[in-house]
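Just so you know, the sequences run in chain order A and B. If you number the first sequence the way my numbering does, the last residue is 433 and the count never jumps. If you number the second sequence the way my numbering does, the last residue is 797 and the count never jumps.
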Amino acid sequence: MRIRHSVLLPVTAVAALSLAACSGTSPNEPGPDGKASGDVTIVSWRYADPSAIGQLHSQLVEDFNASQDAITVTAQPVPYPDVTTTLINSVLSGSVPEMSAISPGTLASTAEYLEPLDEYWEAEGPDFADAFTESSKALATYDGHIYGIVIETSTTDGMYYNKGVLAEAGVDPEQAVSSWDAFTAALEKIKAIGKTPMIFEGKDASRMDRHWSWYVAGGADLSDPDTYIEQMCSADSEKTFEFLSDLYLDGLTPNPAAIGYEEATRQFAAGNVGFYTDGPWGPTTYAAYDDAIADQLGYTHLPPKTEGGPQGAAQDGYLMVIPKGSKNPAAAWEFMKYMASPEAQVREAETGNLPTLKEVNEAPEVADDPVLAHFADLMTQWGYPRPRASWMDEFKQDFITAYQAAVTGQKDPATAHADVCAQVADLAG
Amino acid sequence: MSSPSVLERERRAGPAESSAGPASRHAPARSPRRLRALSERVVFFGPILLVLVGLIGFPIGFALYASFADVDNLFSLEFAGVSNYENLLSSPEDLVVPFLNTMRFVIVSVGCSLIIGFAAALLLTSKLGGRRWFRSALMFPWVIPTVLVALLWRWIMDPAAGAFNGLLQGLGLIDAPVSWLGEPAIAPWVIILAQVWHGFPFIMIMLMAALQTIPAELYEAASVDGAGAARRFVSITWPSVRPIFVLVGTLEGLYAFREFATIDVLTGGGPAGSTEVLATQVYRMFFDYHKFGEALALAALMFVLALVVTLLSMRLSTRGEEDA
Chain A
5 MRIRHSVLLP VTAVAALSLA ACSGTSPNEP GPDGKASGDV TIVSWRYADP SAIGQLHSQL
65 VEDFNASQDA ITVTAQPVPY PDVTTTLINS VLSGSVPEMS AISPGTLAST AEYLEPLDEY
125 WEAEGPDFAD AFTESSKALA TYDGHIYGIV IETSTTDGMY YNKGVLAEAG VDPEQAVSSW
185 DAFTAALEKI KAIGKTPMIF EGKDASRMDR HWSWYVAGGA DLSDPDTYIE QMCSADSEKT
245 FEFLSDLYLD GLTPNPAAIG YEEATRQFAA GNVGFYTDGP WGPTTYAAYD DAIADQLGYT
305 HLPPKTEGGP QGAAQDGYLM VIPKGSKNPA AAWEFMKYMA SPEAQVREAE TGNLPTLKEV
365 NEAPEVADDP VLAHFADLMT QWGYPRPRAS WMDEFKQDFI TAYQAAVTGQ KDPATAHADV
425 CAQVADLAG
Chain B
474 MSSPSVLERE RRAGPAESSA GPASRHAPAR SPRRLRALSE RVVFFGPILL VLVGLIGFPI
534 GFALYASFAD VDNLFSLEFA GVSNYENLLS SPEDLVVPFL NTMRFVIVSV GCSLIIGFAA
594 ALLLTSKLGG RRWFRSALMF PWVIPTVLVA LLWRWIMDPA AGAFNGLLQG LGLIDAPVSW
654 LGEPAIAPWV IILAQVWHGF PFIMIMLMAA LQTIPAELYE AASVDGAGAA RRFVSITWPS
714 VRPIFVLVGT LEGLYAFREF ATIDVLTGGG PAGSTEVLAT QVYRMFFDYH KFGEALALAA
774 LMFVLALVVT LLSMRLSTRG EEDA
């Protein structure tokens with residue numbers, strides 16, 4: 005009996021997919037010109053998020069349902085790490101929700117399973133499209149098609165610091181982030197007082213999303229998917245790879261190979277760490293571990309390689325999409341528009357997320373919130389869509405494995421970088 | 474030419490024909506009995522056979538077919554020959570490390586589990602005081618679900634807040650916390666430790682059952698004949714438990730061979746690929762890279778490998794019984 009278990013996972017997955025695939029999919033009902041009519045119930049997958057933003061999304065669903073009689077939305081939470089897999093499996097099995105939330109960073113991997121929504125955007129007229137920031141529309145666009153509406157946007161490339169730790173070490177935060185050399189010197193000072201200078205993540209492939217902007221600061225141009233590999237394998241990027249490896253090899257950060265987001269935020273919130281990079285939701289996340297950190301928090305930007313040099317702020321967000329086979333895309337579109345409405349986006353901003361409507365970005369809820377304003381400014385100045393390609397998961401896995409090999413002494417950084425570049429050279433075909 | 478004798482005719486015809494005479498004499502009486510027996514078998518075994526074929530046979534057969542089909546193109550399932558295998562084996566270096574890691578994980582974890590399990594079984598079938606309490610206590614790891622075991626060990630080995638670092642620092646054995654799961658030289662052994670801790674009680678309980686079937690008179694007689702403890706172990710204990718030993722070793726080997734949850738939760742295959750095994754590789758190809766065809770081809774190869782090892786183990790076990 006046990007022998008079957010060796011293939012249980014793929015067998016079960018494939019059997020489930022194929023069996024379900026035999027059951028026909030429902031035809032798309034009303035098109036972009038049509039309106040959802042009558043009592044329509046649609047299913048919307050949202051991230052399983054117990055924080056304030058997750059609660060807000062649940063509240064927005066209830067408010068939408070109460071605001072009209074034609075459409076009832078049932079929100080189903082899906083764990084964030086499982087969203088892509090669950091979505092693809094649902095499309096292959098023909099049992100799809102009417103709509104789902106995904107990360108724009110996964111759009112290249114999921115686009116073939118999604119309905120392009122160009123016609124829906126066009127049907128709303130030019131004013132509708134003009135109301136959104138260009139960057140948010142770029143996040144929703146892949147290969148010439150727009151696949152949904154980004155209802156909030158963010159970057160994880162802000163630098164938080166602990167004021168108490170930096171004061172004790174005699175470090176001026178703004179001077180520390182003026183260049184990589186200054187930053188390294190500041191970390192050394194923090195190390196000298198027995199504190200943890202910095203937390204840096206490298207536990208798994210998803211942690212590469214915390215690395216991209218260091219490569220941008222190091223000279224890589226990650227704005228063009230066709231040149232990702234070339235840019236990440238340049239001489240400049242090799243130096244960045246070495247710099248990031250040296251953070252651990254010089255004792256300036258705990259072993260990144262064992263640190264993911266949970267470990268990083270827990271350690272930073274404990275109050276003995278100098279620097280940590282994160283998104284605008286950082287303060288509420290750390291306070292959930294320990295309230296005391298709130299008074300100690302400061303925030304700034306990532307250090308450029310040289311003073312006045314380029315920085316990076318990889319943009320991602322919350323993209324609402326319609327999977328292929330959705331039974332009622334028109335109703336899903338109506339709900340998506342509600343989630344992107346000014347009223348909903350003001351509430352998004354109030355819970356610490358950056359809106360995607362231009363008018364809300366200029367509203368007091370954003371402009372008067374110093375953390376949101378700081379991150380909005382970072383994205384305005386240095387924003388670029390988080391790198392994405394159909395082969396990106398494999399690229400990130402290979403690159404993070406090479407980084408782990410470098411920081412743990414399996415290979416010297418230059419060799420690890422050269423090896424991984426040889427490995428990924430053909431990924432893009 | 475003389476006609477063949479009756480005996481020769483029976484030999485040529487074989488046992489079926491040779492027994493036709495007496496059988497045919499009883500045919501009218503036995504046929505209904507046979508039919509009844511057959512119908513009883515169908516009634517008793519048919520449903521479970523259908524369930525087994527439906528739940529196990531079909532998925533295996535389907536997956537094996539799918540490994541030869543076009544599944545990357547939205548599961549079109551058109552026959553595609555060996556293209557999935559060609560793609561998989563086009564970069565064999567990607568499979569070497571996971572394969573070697575798998576072998577290390579299986580051999581070391583099963584070897585340690587067998588040794589510890591057997592030692593514990595011997596101890597708990599002796600006249601040790603409080604052995605009933607120990608039996609219950611040692612079963613504890615086995616009843617915990619695998620994912621919880623992995624989460625438990627992840628917390629124990631956490632670099633910042635883990636109990637193991639705290640213990641070692643408390644004893645003055647280390648000055649600073651060690652990232653046990655972040656070091657490629659250590660992480661595989663932590664995973665093996667977790668696997669052994671979770672797996673040895675099963676071996677212990679099976680071997681205890683085997684040990685308890687050995688008649689005490691055998692040991693008494695051997696003692697009277699002057700056999701020492703080692704001689705009694707070699708001549709009585711080992712031959713008695715050997716079939717069960719091989720069986721549980723095979724089962725544990727198969728458990729370890731397809732182990733995924735412990736590794737995924739503890740390290741996710743890292744750091745630097747040091748704990749990447751074939752099972753995590755299949756998962757990564759299927760669910761992360763969406764290379765469905767290659768994942769199925771690798772799963773099929775794992776299936777064949779496990780099948781061969783199982784058949785060899787069964788052969789070994791049977792030969793042992795024949796030798797005995």
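The C-beta atom is built at its ideal place from N, Cα and C for all residues, glycine as well. Bear in mind that the values here come from a model prediction, so they are computed numbers and not experimental data.
Residue environment, residue i, which counts as buried when at least 16 other CB atoms sit within 10 Å
i: Gln63/A; result: exposed
i: Phe187/A; result: buried
i: Gly487/B; result: Confidence at Gly487/B is low in this model, with a pLDDT of 44, below 50, so the placement of that residue should be treated as unreliable; the coordinate-derived value is given next. Burial call: exposed.
i: Gln414/A; result: buried
i: Thr78/A; result: exposed
i: Val697/B; result: exposed
i: Arg704/B; result: exposed
i: Ile736/B; result: buried
i: Phe68/A; result: buried
i: Trp628/B; result: exposed
i: Asn638/B; result: buried
Close Cβ partners of residue i (< 7 Å) along its chain, the five nearest in sequence each way excluded
i: Pro417/A; result: Phe245, Glu246, Ser249, Ala410
i: Ala209/A; result: Asp397, Lys400, Gln401, Ile404
Residue-level contact to chain A via CB, residue i, 9 Å cutoff
i: Arg577/B; result: no
i: Phe760/B; result: yes
i: Glu656/B; result: yes
i: Arg788/B; result: no
i: Ser708/B; result: no
i: His671/B; result: no
i: Trp653/B; result: yes
i: Pro565/B; result: no
i: Asp648/B; result: no
i: Met634/B; result: Met is not the amino acid found at residue 634/B; the sequence shown has Ala there. Yes, Ala634/B counts as interfacial toward chain A.
i: Asp543/B; result: no
i: Gly590/B; result: no
i: Asp631/B; result: yes
Same chain, Cβ closer than 8 Å to residue i, neighbours up to 5 away in sequence not counted
i: Ile617/B; result: Leu625, His671
i: Ser183/A; result: Pro307, Pro308, Lys309, Thr310, Glu311, Gly313
i: Gln349/A; result: Ile155, Glu156, Pro359, Thr360, Leu361, Val364
i: Ala196/A; result: Ala173
i: Tyr293/A; result: Thr269, Arg270, Ala273, Ala274
Within-9 Å CB hit, residue i to chain B
i: Ser113/A; result: yes
i: Ile92/A; result: yes
i: Glu178/A; result: no
i: Gln414/A; result: yes
i: Thr419/A; result: no
i: Asn32/A; result: Unreliable positioning characterises Asn32/A in this predicted model, as indicated by a pLDDT of 38, which lies under 50. A coordinate reading is not provided.
i: Glu119/A; result: no
i: Ile194/A; result: no
i: Ala274/A; result: yes
i: Lys207/A; result: yes
i: Cys425/A; result: no
i: Ile263/A; result: yes
Bridge partner(s) assigned by DSSP for residue i
i: Arg605/B; result: BP columns for Arg605/B are empty, so no partner.
i: Thr76/A; result: Thr45/A
i: Thr157/A; result: Gly321/A, Leu358/A
i: Ile203/A; result: Tyr280/A
i: Glu311/A; result: Answer by DSSP bridge pairing: none, since Glu311/A is not bridged.
i: Ile150/A; result: Thr145/A
Residue i beta carbon near the ligand COA (any heavy atom closer than 8 Å)
i: Ser55/A; result: Annotation note on the ligand COA: not contained in the displayed structure, which lists no ligands.
Contacting residues, own chain, Cβ-Cβ under 6 Å from residue i (five flanking each side not counted)
i: Gly726/B; result: Val579, Val583
i: Ala393/A; result: Ala112, Pro229
i: Thr355/A; result: Ala56, Ile57, Leu60
i: Gly387/A; result: Ser139, Ala317, Gln319
i: Pro36/A; result: Unreliable positioning characterises Pro36/A in this predicted model, as indicated by a pLDDT of 48, which lies under 50. A coordinate reading is not provided.
Subject >> Stretch-stretch touch, CB-based, cutoff 8 Å, three pairs: the region 219-227 of chain A with the region 756-772 of chain B >> reply: no
Original post:
Do the region 254-272 of chain A and the region 182-200 of chain A make contact, defined as three or more Cβ pairs closer than 8 Å?
Top reply: yes
Subject >> the region 589-597 of chain B contacting the region 655-674 of chain B, beta-carbon criterion three pairs below 8 Å >> reply: yes
Subject >> Given 8 Å, three or more beta-carbon pairs between the region 135-154 of chain A and the region 104-118 of chain A >> reply: yes
Subject >> Segment contact, 8 Å Cβ cut-off, at least three pairs: the region 231-241 of chain A with the region 294-302 of chain A >> reply: no
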